[in-house]
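Visitor: Below is the structure I would like to discuss, written out as structure tokens.
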Amino acid sequence: MPDRHSDLVARVAAATRAVNRRIAIACGLVLLATGALILVEIALRRTFGGVLGGTDEISGYVMAGIATWGLSWALAERAHVRIDLLQRRLAPAGRATLDALALLGVAAVAALVTLHAWSVLATSLARGSLANTPLETPLWIPQAIWLGGWAWFAVTAWLLAGCLLVALLGGRFALAEEIGGAQQQEEAEP
Amino acid sequence: MIGGLSVGLLVLMGLSLPVGVVLFALGLGVDSFFSPFPLIRGLGQVVWSATDSSLLIAIPFFVLLGEVLVRAGIAERTYRALDTWFSWLPGGLIHANIATATLFSATSGSSVATAATVATVAMPQARRLGYDPRLFSGAIAAGGTLGIMIPPSINLIVYGFLTETSIPQLFLAGLVPGLLLALGFMAVSAVLCWLWPALGGGGERYGWRARIASLADLLPILLLFTVVIGSIYLGWATPTESAALGVAMAMLIAAARRGLSVAALREALLGTIRVTAMIMFVIVGAYFLNYTLASAGLGQALRELMAGLGLGPTGTLLAIVLLYLVLGFFIETLSLMVATIPIVVPIVLALGYDPVWFGILLILLIEMALITPPVGLNLYVVQGARKGGNLAEVMVGAIPYVAVMLVMAALLIVFPGIALWLGGG
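The structure is reproduced here in structure tokens:
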């Protein structure tokens with residue numbers, strides 16, 4: 012019963028998108044909070060000549076966090092840049108096959124980076140590494156958040172790749188395109 | 009190694025694999041074929057240092073700044089204000105297109121956002137006043153490219169990050185070439201419309217009273233630019249700090265105009281995170297490729313290649329410019345920039361060229377790629393906002409501006425001082 016499978020697939024894909032949208036909003040709010048912190052730092056420096064200290068370091072950790080946790084939102088939105096010059100000339104089946112390949116590629120990279128990110132975290136934990144800064148942040152804290160982002164990216168990518176493969180094998184190319192098609196060029200670039 | 013890399017890059021990109029994935033795959037390829045020891049062990053640490061960056065967080069801030077301004081409806085007012093100042097020139101509103109794009113470039117780090125904003129505001133006027141759609145839309149597409157040259161520029165941040173070049177210097181270096189380009193665009197539009205008045209269209213004439221009154225609409229955005237760039241120039245703030253300042257100011261301006269609802273802010277944040285993650289995936293891939301190339305001895309391979317070619321510094325530079333012109337027809341701009349930096353910039357530096365200067369030249373070539381078909385993002389953006397006509401009209405209209413860019417590239421090569429006057433070390 013391929014139809015029932017495909018409906019399930021569409022629901023899973025939609026749910027993935029909805030969850031990632033919430034995560035992205037959370038990332039955005041963290042970004043705003045970091046901006047506020049930076050403003051306080053500037054204000055203190057310009058008025059009292061004093062410094063809050065550590066703002067620079069914290070914004071680095073924030074960037075590591077929001078950039079990685081945002082990856083899966085960009086994936087769900089089909090925002091990762093692809094050169095579809097040749098691909099868009101193919102028949103729907105060929106297009107969907109390349110879409111599947113692209114998503115599997117993302118899933119493989121995400122899994123590989125997660126694996127290596129884990130070893131970074133494990134090293135920091137084992138050595139009890141502290142940042143070489145006035146804050147002396149235990150590095151495992153930001154690195155755990157960062158690793159989580161990559162792991163979640165891998166989970167999202169494998170989920171979507173699975174959905175896309177089911178849609179592809181069921182011959183539902185429109186659904187496949189919706190899950191992992193190369194997006195319209197308009198929004199692809201900053 | 010360089011030949012294999014180039015072929016791999018083109019084939020994998022041609023298969024429409026995401027560019028970030030392509031760069032990782034190439035890095036892994038370099039590791040397994042060209043490196044005596046397994047570089048992959050450094051992967052995690054490399055990715056951590058690429059993302060743990062208080063410099064790169066300027067990117068989401070600048071994206072957010074642009075998103076807030078666009079959603080607050082500031083573009084309409086700016087356009088109307090600049091219309092009063094420039095519409096007396098032959099070509100009328102076309103100059104308002106370019107001037108609005110220039111001003112928006114000075115607050116947003118993105119070319120596509122700039123082009124989209126101006127196109128949405130300007131296109132209805134073109135129809136109403138009977139402008140030739142080709143030159144009119146070409147001017148918007150070209151004006152929009154100034155977004156990555158006139159600071160702040162996300163692309164310059166990416167270049168600076170990957171090549172370890174000073175961002176403040178790059179920002180300052182982009183200012184004069186960016187303004188010269190804007191002037192060149194306006195000059196070429198005026199000349200064309202003077203020769204063929206049918207290219208232009210009608211419009212009102214404004215007196216000084218209207219111009220002075222319009223300053224109230226220009227002031228906030230000029231102030232924003234002054235604060236963002238001034239604070240970097242004077243050394244009061246890092247690029248990241250000035251970006252955060254800019255976001256706060258943009259939000260104040262939007263709030264004062266009652267242009268920013270909670271829903272609009274949410275959409276702005278979602279857009280910001282999406283664009284940031286998209287850029288970062290490519291950057292992380294490029295950073296890994298950079299690392300494998302450097303560890304596998306790219307420098308040696310490049311020196312051999314250069315010696316083999318025997319072109320000399322100028323010949324090599326021209327070959328590189330030609331390479332970008334050709335690739336720019338086919339490859340989307342951020343990808344083009346990020347994927348080639350690890351290979352091209354070491355060559356250029358080895359020839360003794362200045363990294364700040366080359367950054368500006370590279371941005372200029374990338375700008376050209378934005379408005380040359382078949383893959384010229386700004387052409388599609390303007391066409392998308394036109395709701396009618398066909399893409400070929402925008403492409404034709406962009407040609408005079410491509411010519412201006414070519415002249416500018418030549419000037420930049422002959423007189424590096426255009427960029428280094430403000431941006432020199």
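Chains A and B are the protein sequences, given in the same order. Everything in the first sequence is counted per our numbering, starting at 12 for the first residue and increasing by one. Everything in the second sequence is counted per our numbering, starting at 9 for the first residue and increasing by one. Think of the CB as a built atom: it goes at the ideal place given N, C-alpha and C, for glycine as much as any other residue. Source: prediction; values computed, not measured.
Taking only runs that begin and end inside the segment 60 to 136 of chain B, name each unbroken alpha helix (DSSP H) of 4 or more residues, in chain order.
Guide: Entirely contained in the segment 60 to 136 of chain B, the alpha helix (DSSP H) runs reaching 4 residues are, in chain order, 66 to 79, 82 to 94 and 101 to 113.
Visitor: Exposed or buried, what is T125 (chain A) when buried is set at 16 or more other beta-carbons lying within 10 Å of its beta-carbon?
Guide: Its Cβ being crowded by 16 or more others within 10 Å, T125 (chain A) is buried.
Visitor: Using a C-beta cutoff of 7 Å, does I281 (chain B) count as contacting chain A?
Guide: Yes, its Cβ sits closer than 7 Å to a Cβ of chain A.
Visitor: Take the Cβ of W204 (chain B) as the centre, count every other Cβ of all protein chains shown within 10 Å, and call the residue buried at 16 or more, exposed below.
Guide: By the neighbour-count rule (16 or more Cβ atoms within 10 Å), W204 (chain B) is not buried but exposed.
Visitor: Taking C-beta to C-beta, are A2 (chain B) and I379 (chain B) nearer than 7 Å?
Guide: Within the shown structure, residues of chain B are numbered from 9 to 433, placing residue 2 (chain B) beyond reach of any answer.
Visitor: Quick one: what does DSSP say G432 (chain B) is sitting in, helix, strand or coil?
Guide: Correct three-state label for G432 (chain B): coil.
Visitor: Taking only three categories from DSSP, how would you classify P26 (chain B)?
Guide: Strand, per DSSP.
Visitor: Comparing C-alpha positions only, which one of A:V92, A:L48, A:I69 and A:E88 sits nearest to N143 (chain A)?
Guide: With distances taken between Cα atoms, N143 (chain A) lies closest to A:I69.
Visitor: In terms of residue numbering, what span does the alpha helix (DSSP H) encompassing G182 (chain A) cover?
Guide: No alpha helix (DSSP H) contains G182 (chain A), which DSSP labels as neither H nor E.
Visitor: Quick check on the DSSP output: the alpha helix (DSSP H) that includes D95 (chain A) runs from which residue to which?
Guide: From DSSP, D95 (chain A) is part of no alpha helix (DSSP H); its letter is neither H nor E.
Visitor: For chain B, is any of its Cβ atoms less than 7 Å away from the one on D67 (chain A)?
Guide: True, the Cβ-Cβ gap to chain B drops below 7 Å.
Visitor: Express the C-alpha separation of A90 (chain A) and E198 (chain A) in angstroms, rounding to a whole number.
Guide: With a pLDDT of 40 at E198 (chain A), under the threshold of 50, the modelled position of this residue cannot be trusted; read the value that follows with caution. Cα to Cα, E198 (chain A) sits roughly 7 Å from A90 (chain A).
Visitor: Within 10 Å of its beta-carbon, does Q154 (chain A) have 16 or more other beta-carbons around it, so buried, or fewer, so exposed?
Guide: Q154 (chain A) comes out buried.
Visitor: Mind the definition here: the segment 74 to 81 of chain A touches the segment 13 to 24 of chain B only if three or more C-beta pairs lie below 8 Å; say whether that holds.
Guide: They do not touch, by the three-pair rule.
Visitor: Using the three-state DSSP reduction, which class does L330 (chain B) fall into: helix, strand or coil?
Guide: Helix at L330 (chain B).
Visitor: Report the neighbours of L79 (chain A) on chain B: residues whose CB is nearer than 7 Å to its CB, in chain order.
Guide: Reading the sequence as shown, one finds Thr at residue 79 (chain A) and not Leu. Simply T59.
Visitor: For the alpha helix (DSSP H) containing E68 (chain A), name the first residue and the last one.
Guide: Looking at the DSSP string, the run of the alpha helix (DSSP H) that includes E68 (chain A) is T66 to A87.
Visitor: Look at the alpha carbon of P201 (chain A) and the alpha carbon of V120 (chain B), and state the distance between them as a whole number of angstroms.
Guide: Because the pLDDT of P201 (chain A) is 40, which lies under 50, any placement of that residue in the model is unreliable, and the number read from its coordinates should be weighed accordingly. Between P201 (chain A) and V120 (chain B), the C-alpha separation is close to 6 Å.
Visitor: Residues bridged to L141 (chain A) by DSSP?
Guide: DSSP, once it has assigned bridges, lists A:P149 as partnering L141 (chain A).
Visitor: What residues of chain B sit near I190 (chain A), judged by a beta carbon separation below 8 Å?
Guide: Per Cβ cutoff of 8 Å: no residues; I190 (chain A) is ~14 Å from chain B at best.
Visitor: Compare the C-beta of L19 (chain A) against all C-beta atoms of chain B and say whether one is closer than 7 Å.
Guide: Closer than 7 Å: no.
Visitor: Nearest chain A C-beta to T380 (chain B) closer than 7 Å, yes or no?
Guide: No, its Cβ sits nowhere closer than 7 Å to a Cβ of chain A.
Visitor: Are the CB atoms of L297 (chain B) and P354 (chain B) within a distance shorter than 7 Å?
Guide: Contact flag unset, no.
Visitor: Relative to the C-alpha of L170 (chain B), which residue among B:L64, B:V402 and B:A80 is closest?
Guide: The shortest C-alpha separation from L170 (chain B) is found at B:L64.
Visitor: Quick check on Y214 (chain B): does DSSP put it in helix, strand or coil?
Guide: Coil.
Visitor: Let me check understanding here. Comparing Cα to Cα, which of A:L132, A:L115, A:F184 and A:A44 lies closest to W169 (chain A)?
Guide: Closest by alpha carbon: A:L115.
Visitor: Can you tell me whether DSSP reads L154 (chain B) as helix, strand or coil?
Guide: The answer is helix: DSSP assigns L154 (chain B) an H, G or I state.
Visitor: Closer than 7 Å, CB to CB, is Q53 (chain B) near chain A or not?
Guide: It does: the Cβ of Q53 (chain B) has a partner Cβ on chain A nearer than 7 Å.
Visitor: Which chain B residues are close to L141 (chain A), counting only those with a beta carbon under 7 Å from its beta carbon?
Guide: The contacting residues do not exist; L141 (chain A) stays about 14 Å from chain B at best.
Visitor: Which residue wins for smallest C-alpha separation from D140 (chain B), given the options B:T153, B:I102, B:I106 and B:A109?
Guide: Ranking the options by Cα distance to D140 (chain B), first place goes to B:I102.
Visitor: Relative to the C-alpha of D39 (chain B), which candidate in B:I165, B:I67, B:I240 and B:L301 has its C-alpha closest?
Guide: D39 (chain B) has its Cα closest to that of B:L301, out of B:I165, B:I67, B:I240 and B:L301.
Visitor: Run through DSSP, which three-state label would T284 (chain B) get?
Guide: Three-state result, T284 (chain B): helix.
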